[in-house]
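Structure first, then comments.
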Amino acid sequence: MNIEEASHIILKPYITEKTFALVENQSRICFLVREEATKPKIMEAIKLLYKEDPIGLNICRTVYGKKAFVKFQTVEKARDLATKIGML
Numbered sequence: 001m002n003i004e005e006a007s008h009i010i011l012k013p014y015i016t017e018k019t020f021a022l023v024e025n026q027s028r029i030c031f032l033v034r035e036e037a038t039k040p041k042i043m044e045a046i047k048l049l050y051k052e053d054p055i056g057l058n059i060c061r062t063v064y065g066k067k068a069f070v071k072f073q074t075v076e077k078a079r080d081l082a083t084k085i086g087m088l
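Be aware that the sequence shown starts at 1, since it is given in UniProt numbering, and climbs by one per residue.
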């Protein structure tokens, strides 16, 4: 996978009050992803685009699209990435 394919899979971070709380409480960041994206592809895209190693991933489908809740090792890593992508 190259950077172009990875950026095609990860559309944008999903930012709400609830997702802010997820960063601080559970070290998770929420992203909107393509409907055809799978868990392994999303994990690989996160590693490639943001140079972070996620330890878990949950996916749900909503009216807004497919969301990926990505879990990181520590709250600090999640907070740093959220700051880097302009979430915080």
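Glycine included, each C-beta is placed from N, C-alpha and C at the ideal position. Because the structure is a prediction, the values reported are computed rather than measured.
- Looking from the CA of D53, the closest CA among K71, T62 and V63 belongs to K71.
- DSSP, reduced to helix, strand and coil, places K71 within a strand of the structure shown.
- No Cβ-Cβ contact shorter than 7 Å links A78 with L48.
- Contact between K84 and V33 fails: their C-beta atoms lie close to 18 Å from each other, not under 8 Å.
- Secondary structure at N2: coil, using DSSP grouped into helix, strand and coil.
- For L22, the enclosing alpha helix (DSSP H) stretches over residues E17 to Q26.
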